[in-house]
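If you're matching positions, the sequence shown starts at 1 in UniProt numbering and goes up one per residue.
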Amino acid sequence: MSTAMHIGQAGINLLGKNQDVPYDGTYLFTNKRGVAKRAMVMPPDQPVEWVSRYGSITVSQVGKEMPNGGMNEAGLVVEQTTLWQSSYPESSSLPAIGELPWIQLLLDTCAVVQEAIEAASIVRIIQPMSRLHYMVADRAGQCAVIEFLHGKMNVYSGEDLPISVLANTPYLEAVKDLGDGEATMSNVDDDYCRNSMKRFAIAAATVTQPVLSKAEDPLDFMFEVLRAAEREDTAYSLVYDLEKIELHFLSNRYRERKTVRLSELDVSLDSEAMALHLQQSARGDCKDLFVAYNSSINRMIVESFFRDPVLTKAFRWTITEEMIDFVASFPDGYPCIES
1 MSTAMHIGQA GINLLGKNQD VPYDGTYLFT NKRGVAKRAM VMPPDQPVEW VSRYGSITVS
61 QVGKEMPNGG MNEAGLVVEQ TTLWQSSYPE SSSLPAIGEL PWIQLLLDTC AVVQEAIEAA
121 SIVRIIQPMS RLHYMVADRA GQCAVIEFLH GKMNVYSGED LPISVLANTP YLEAVKDLGD
181 GEATMSNVDD DYCRNSMKRF AIAAATVTQP VLSKAEDPLD FMFEVLRAAE REDTAYSLVY
241 DLEKIELHFL SNRYRERKTV RLSELDVSLD SEAMALHLQQ SARGDCKDLF VAYNSSINRM
301 IVESFFRDPV LTKAFRWTIT EEMIDFVASF PDGYPCIES
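Encoded structure:
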């Protein structure tokens with residue numbers, strides 16, 4: 001499920017996210033500049049190919065290069081929430097990519113929202129494990145929602161984005177239902193849709209408020225809103241500070257707030273990729289909790305996710321050991337390119 005929201009007003013530029021899924025194995029990964037990448041898609045589709053221009057930090061329950069969200073060193077953030085109605089373009093003339101590597105592509109190659117929109121328009125998502133819509137925001141305070149409905153990419157930004165919130169309802173439908181009032185939302189028969197609109201309304205009441213008072217700490221405020229929008233299966237909560245290029249987070253098992261400053265992480269071509277398990281008892285700066293990334297760590301993450309009994313039942317996966325090996329080792333084949 002999940003909820004995402006952006007506050008961009010009077011010097012405040014924060015994007016908050018609750019990841020709602022009954023699985024709490026989650027890692028942060030550093031991602032380097034200057035790495036040549038190729039989308040993991042099956043023939044006969046043509047994979048997207050690119051070279052990372054920006055280093056980034058990503059959060060993933062699935063494995064490296066398959067982020068649930070993240071932020072790059074230019075201050076671009078890409079996040080997502082589930083949208084089962086998503087239907088992706090079928091044009092075979094466009095190169096193809098998965099719905100999670102799509103996030104990595106934008107973080108690797110884009111600095112601002114407009115660049116991300118343009119990059120998204122020249123690729124297509126295929127073979128999705130899940131169906132998503134996306135929120136993209138940048139250091140200048142711009143924000144956009146990108147959805148794929150009826151085989152078409154829809155972008156909402158500026159005046160077309162009156163409420164910078166995503167839950168699990170198509171964006172225009174959520175805005176309309178919110179405007180129609182409580183009676184409309186309470187008459188929704190489906191529990192999933194009703195819960196989505198409940199969280200959308202909680203977040204919308206925040207992002208449409210006047211600027212925060214000077215007495216309020218914006219980070220505290222955003223985490224309070226995320227707490228109000230939590231579900232029983234919320235695995236973690238994130239707040240991206242796009243101005244400072246920092247990530248603040250807490251998890252369902254460890255409620256102490258932790259911080260990662262991207263400026264303190266080495267994402268240069270010659271650096272060593274790093275990983276950090278989100279579920280740790282710590283507080284404050286957690287730079288020293290990162291460990292060197294390797295394929296064994298990634299295989300553990302990939303296997304744990306795809307062998308989880310609750311997720312397997314929900315998504316009806318049939319995953320072989322060979323498939324797990326392939327997904328886990330795929331990032332090891334990316335070559336570094338001299339800048």
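From the three backbone atoms N, C-alpha and C, an ideal C-beta is built for every residue, glycine too.
Handout entry: Residue range of the unbroken beta strand (DSSP E) whose run includes Gln-9
Key = 3 to 9
Handout entry: DSSP three-state assignment for Thr-169, whether helix, strand or coil
Key = coil
Handout entry: Buried versus exposed call for His-248 [16 or more other C-beta atoms within 10 Å across all chains shown]
Key = buried
Practice task
Starting from Lys-258, trace the beta strand (DSSP E) both ways and give me its first and last residue.
Solution key: 258 to 261
Exercise for the section: At 3 residues or longer, and completely inside the region 36 to 84: list those beta strand (DSSP E) runs for me, N to C. Expected result: 36 to 38, 49 to 51, 56 to 60, 69 to 72, 77 to 82
Handout entry: Residue closest to Ile-297, alpha-carbon to alpha-carbon, out of Asp-270, Trp-317, Arg-316, Val-327
Key = Val-327
Practice task
Give a yes or no on contact between the region 237 to 246 and the region 72 to 88, applying the rule of three or more CB pairs nearer than 8 angstroms.
Solution key: yes
Practice task
Go to Leu-311, then tell me how far its alpha helix (DSSP H) extends in each direction, as first and last residue.
Solution key: 309 to 315
Exercise for the section: State yes or no: is the C-beta of Lys-17 within less than 8 angstroms of the C-beta of Glu-65? Expected result: no
Problem - Residue range of the alpha helix (DSSP H) that includes Asp-220 - result: 218 to 228
Practice task
Would you check if the distance between the CB atom of Ala-229 and the CB atom of Arg-199 is smaller than 8 angstroms?
Solution key: yes
Problem - Nonlocal neighbours in the same chain, by C-beta distance under 7 angstroms from Asp-288, ignoring five residues either side - result: none
Handout entry: Straight-line Cα distance separating Leu-94 from Val-123
Key = 5 angstroms
Exercise for the section: Sort out for me which residues DSSP pairs Lys-152 with in a bridge. Expected result: Leu-149
Handout entry: Beta-carbon spacing of Lys-32, Gly-63 below 8 angstroms
Key = no
Exercise for the section: For the alpha helix (DSSP H) containing Ser-296, list its first residue and its last residue. Expected result: 295 to 306
Problem - alpha helix (DSSP H) runs wholly inside the region 95 to 144, at least 4 long, in chain order - result: 101 to 109, 113 to 120
Handout entry: Limits of the unbroken alpha helix (DSSP H) element including Lys-198
Key = 191 to 207
Practice task
Note down the Cα distance separating Met-274 from Asp-332, rounded to an integer number of angstroms.
Solution key: 14 angstroms
Exercise for the section: Express the C-alpha separation of Ala-119 and Glu-255 in angstroms, rounding to a whole number. Expected result: Note on residue identity: the sequence assigns Arg, not Glu, to residue 255. C-alpha separation (whole angstroms): 36 angstroms.
Problem - Range covered by the alpha helix (DSSP H) that runs through Val-21 - result: Val-21 -> no alpha helix (DSSP H), and no H or E assigned at all.
Practice task
Run the CB neighbour count on Asn-294, radius 10 Å, all protein chains shown included, and call it buried at 16 or more, exposed below.
Solution key: exposed
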